[in-house]
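Counted the way numbering that gives the first Met the number 0 counts, the sequence shown spans residues 0 to 175.
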Amino acid sequence: MAAFAESITPKLIQYAQAHDWIGRRILDAGCGTGGAARWLASKGFNTTGLDSSAEMLALARQRFRSTGFSITWQQGDLRTLENLMPMDMIIALDVLNELNGLRDIESFLSRAQQLLESSKMLIFDLHTIEGLVARAAAPLIQLHNDGALVVNASQQFDYERLILTTSYDIFQKVEN
0 MAAFAESITP KLIQYAQAHD WIGRRILDAG CGTGGAARWL ASKGFNTTGL
50 DSSAEMLALA RQRFRSTGFS ITWQQGDLRT LENLMPMDMI IALDVLNELN
100 GLRDIESFLS RAQQLLESSK MLIFDLHTIE GLVARAAAPL IQLHNDGALV
150 VNASQQFDYE RLILTTSYDI FQKVEN
C-alpha cells in the first residue's frame, strides 16, 4: 500500500489547501517505509512518521537518510498516539483497517482529535461493508507462479459477523 499513500498524498494536500487548510505540522500515522512522509518533507512540511514496526521505521530512516529532509521517525501505537506534539494535519492511509475493532478505531479518533488544533484536518480511509463485499466478489487472484510454486488467493465475506476472510491455496511441484 505504500504506492497508494505516496500517490494520493499530493492530491490530499492540494485538496486541503484548496479548502482553506493552513498548517506545517503533519503526522503520517502508519507511515511504513515513509514514502508519503518523504514527499511531505520535500515540500517543507514539518513531518513526523509514526509506525508500530521498528523494522519499517529502520527502512524509512535508511531510505531517506541521504535526502537531507527533516523527518522525525517515531515508533508508536495508533490507538494511543503518545509522545506527540499538537499537529495541523494527521494522515492515516490504509492503517485503520489493520486495527482489531471499533474500540481501537475510537481510541485513534479520540486521540487524533486531542492532537489536532481547532480547524485542522484528520484524513483517513476505512473499508466500508460495501467495499469489503466488493473485494470478496473478486475472482481468484494468482499471487505467484514460477512453475515450481503457485500461490492463489480468494476472499469470502461473512455477512453475519461482518468479516472479510482471505484464503490462500499454495501448490508446490514436487519431483519424485
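A virtual CB, placed ideally from N, CA and C, is assigned to each residue, including glycine.
Inter-residue CB distance, residue i and residue j (contact presumed, cutoff 8 Å)
i: F44; j: R23; result: 6 Å
i: W72; j: L56; result: 5 Å
i: M88; j: A15; result: 7 Å
i: L125; j: N96; result: 6 Å
i: G33; j: I70; result: 7 Å
CB contact flag (residue i, residue j, <8 Å)
i: I25; j: T46; result: yes
i: S41; j: F3; result: no
i: A35; j: I122; result: no
i: S106; j: R78; result: yes
i: T165; j: A152; result: yes
i: V149; j: Y167; result: no
i: L80; j: R110; result: yes
Three-state secondary structure (DSSP) of residue i
i: W20; result: coil
i: D103; result: helix
i: K10; result: helix
i: A40; result: helix
i: E129; result: helix
i: L114; result: helix
i: N144; result: strand
i: L98; result: coil
i: L121; result: strand
i: A15; result: helix
i: L83; result: coil
Residue i, buried or exposed, once every other Cβ within 10 Å from all chains shown has been counted against 16
i: D27; result: buried
i: R62; result: exposed
i: A137; result: exposed
i: L115; result: buried
i: D50; result: buried
i: V173; result: exposed
i: T8; result: buried
i: K119; result: buried
i: G130; result: exposed
Bounding residues of the beta strand (DSSP E) (the contiguous stretch that carries residue i)
i: G211; result: In the structure as shown, the chain begins at 0 and stops at 175. Residue 211 is therefore absent and cannot be evaluated.
i: A152; result: L148 to D157
i: F68; result: Run containing F68: none; DSSP gives neither H nor E here.
i: L163; result: I162 to Q171
Residue i - containing alpha helix (DSSP H), residue span
i: E54; result: A53 to F63
i: A91; result: A91 -> not in any alpha helix (DSSP H); beta strand (DSSP E) instead, spanning M86 to A91.
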